[in-house]
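J.: Here it is, the structure in full.
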């Protein structure tokens with residue numbers, strides 16, 4: 002059985018991917034209900050990447066993106082980012098606010114708040130699913146909405162994880178809206194502690210020990 | 083005739099040094115990270131570190147993602163290429179606060195990175211010639227090895243010389 006540098010074995014990685022994948026599906030369902038559009042997961046991809054390559058997750062460190070960032074706190078910590086190209090985020094704001102597409106040209110307080118709410122829903126649905134499958138109590142933080150270079154958006158989450166290791170596990174999700182594939186992405190970046198806690202709790206649940 | 087520049091990206095946690103005049107060292111999309119540039123205008127050696135975190139915990143690591151390891155490592159590699167400490171022009175960029183102030187997920191990593199880098203430089207008796215740090219925006223940084231020119235760029239703005 003292959004063991005990764007982080008000490009996590011393949012079988013555990015798959016279990017983890019299953020838990021996060023299920024959480025992601027639930028998060029996208031929540032998002033779909035909130036915006037009243039048919040949003041589907043197109044691709045789920047678990048990645049293990051060297052820290053130095055983190056910005057490649059978003060297509061390059063200088064690429065301008067809009068992101069909603071949440072930290073997961075409680076039994077363990079981890080990071081959730083909902084990321085879109087800027088124009089897509091503006092389109093989503095228009096949909097949320099019932100405006101004609103193309104109305105939003107920049108993110109003011111109201112627009113950021115609408116996107117933040119989208120992050121809240123996504124984060125809560127994700128963590129509810131994780132809680133159902135593991136019994137772990139996790140809470141999302143207040144969302145931060147950013148429009149900036151991809152590298153700078155990822156810095157906060159990545160620097161937290163890099164305290165004690167040099168690689169990142171990332172669950173990357175691409176979804177479609179009304180059957181139109183967009184480059185929206187839900188990125189889940191767990192700390193080592195978070196992965197361990199999820200795996201341990203899910204094993205306990207499977208064995209019927211609570 | 084324009085000579086094609088050789089752009090070398092300094093990724094998270096890396097330290098790179100060059101004395102090739104065609105080389106441009108760059109850190110892309112710095113948020114809370116700090117880009118540290120050093121340049122010796124006489125030997126024309128340039129170096130850059132992409133610092134992710136302030137201090138290594140166990141003290142024994144050789145990982146240059148930490149300010150307290152990256153600064154001595156950059157100095158040593160500059161010296162190996164012929165740079166002289168007393169001539170070094172040192173510039174600091176980044177250390178932004180990308181997340182909301184006052185929220186529980188605000189680690190102040192940007193500010194702590196700047197403070198730690200300043201402290202290690204001060205301990206090494208290296209003066210800082212210029213800095214563009216703090217705020218809440220991302221930055222990219224370029225150091226032209228031929229001239230020592232440093233350019234800083236943010237989204238929606240053009241390059242500014244530091």
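Chains as they are written, first to last, in our numbering: chain A, 2 to 211; chain B, 83 to 244. C-beta: ideal position from N, C-alpha, C; glycine also.
Under 8 Å between C-beta atoms, does residue 240 of chain B make it to chain A?
T.: As a position in the second chain, residue 240 of chain B is number 158, starting the count at 1. No - not a single Cβ of chain A is within 8 Å of the one on residue 240 of chain B.
J.: Measuring only the C-alpha atoms, how far is residue 28 of chain A from residue 158 of chain B?
T.: Reading the first chain from its first residue, position 27 is the one you call residue 28 of chain A. Reading the second chain from its first residue, position 76 is the one you call residue 158 of chain B. Residue 28 of chain A and residue 158 of chain B: Cα-Cα distance of roughly 49 Å.
J.: Taking 8 Å as the cut-off, does the stretch 164-172 of chain A touch the stretch 187-195 of chain A (at least 3 CB pairs, one atom from each stretch)?
T.: yes
J.: Should residue 175 of chain B be flagged as near chain A, meaning a C-beta pair shorter than 8 Å?
T.: Taking the second chain and counting its residues from 1, the one referred to as residue 175 of chain B is at position 93. No - not a single Cβ of chain A is within 8 Å of the one on residue 175 of chain B.
J.: To the nearest angstrom, report how far apart residue 145 of chain A and residue 96 of chain B are at their CA atoms.
T.: Numbered from 1 along the first chain, position 144 holds the residue referred to as residue 145 of chain A. Numbered from 1 along the second chain, position 14 holds the residue referred to as residue 96 of chain B. Each residue's alpha carbon lies about 28 Å from the other.
J.: Taking 8 Å as the threshold (C-beta atoms), are residue 152 of chain A and residue 220 of chain B in contact?
T.: Residue 220 of chain B sits at position 138 when you count from the first residue of the second chain. Residue 152 of chain A sits at position 151 when you count from the first residue of the first chain. Yes.
J.: What would DSSP say about residue 226 of chain B, mapped onto helix, strand or coil?
T.: For the purposes of this step, residue 226 of chain B is taken as the residue at position 144 of the second chain. Of the three classes helix, strand and coil, the one that applies to residue 226 of chain B here is strand, per DSSP.
J.: Tell me the start and end of each unbroken beta strand (DSSP E) in the stretch 111-195 of chain B that is at least 3 residues and wholly inside, in chain order.
T.: 116-122, 127-133 and 171-176
J.: Taking C-beta pairs closer than 7 Å, name the residues in chain A that residue 134 of chain B reaches, listed in chain order.
T.: Here residue 134 of chain B refers to the residue found at position 52 when the second chain is read from its first residue. Residues of chain A passing the Cβ test: 160 and 163.
J.: Could you tell me the distance, in whole angstroms, from the CA atom of residue 74 of chain A to the CA atom of residue 175 of chain A?
T.: Your numbering for residue 74 of chain A matches position 73 in the first chain. Your numbering for residue 175 of chain A matches position 174 in the first chain. Approximately 24 Å between the Cα atoms of the pair.
J.: List, in chain order, every chain B residue whose beta-carbon is nearer than 8 Å to that of residue 77 of chain A.
T.: Mapped onto the first chain, residue 77 of chain A falls at position 76. The premise fails here: residue 77 of chain A is roughly 14 Å from chain B at the closest Cβ pair, so nothing lies under 8 Å.
J.: Taking Cβ to Cβ, would you say residue 85 of chain A is nearer than 8 Å to residue 97 of chain A?
T.: Within the first chain, the letter at position 84 stands for residue 85 of chain A. Within the first chain, the letter at position 96 stands for residue 97 of chain A. Cβ distance not < 8 Å, so residue 85 of chain A and residue 97 of chain A don't count as in contact.
J.: May I have a chain-ordered list of the beta strand (DSSP E) segments no shorter than 3 residues that lie completely inside the stretch 83-146 of chain A?
T.: 139-141
J.: When the cut-off is 8 Å and only beta carbons count, does residue 69 of chain A lie next to chain B?
T.: For the purposes of this step, residue 69 of chain A is identified with residue 68 of the first chain, where counting begins at 1. Chain B contact via Cβ: absent.
J.: Using the beta-carbon of each residue, which ones in chain A are nearer than 7 Å to residue 216 of chain B?
T.: Your numbering for residue 216 of chain B matches position 134 in the second chain. In chain order: nothing, as chain A lies at least about 13 Å away.
J.: Whose Cβ in chain A lies nearer than 7 Å to the Cβ of residue 95 of chain B?
T.: Here residue 95 of chain B corresponds to residue number 13 of the second chain, with the count starting at 1. Correct list: 52 and 53.
J.: Counting only beta-carbon separations shorter than 8 Å, does residue 178 of chain A have a partner in chain B?
T.: One-based indexing of the first chain puts residue 178 of chain A at position 177. Not one chain B Cβ lies under 8 Å of residue 178 of chain A.
J.: Specify, as a first and last residue, the run of the alpha helix (DSSP H) that residue 155 of chain A falls within.
T.: As a first step, residue 155 of chain A must be located in the first chain, where it is residue number 154. Taken as a continuous stretch (DSSP letters only), the alpha helix (DSSP H) holding residue 155 of chain A covers 151-162.
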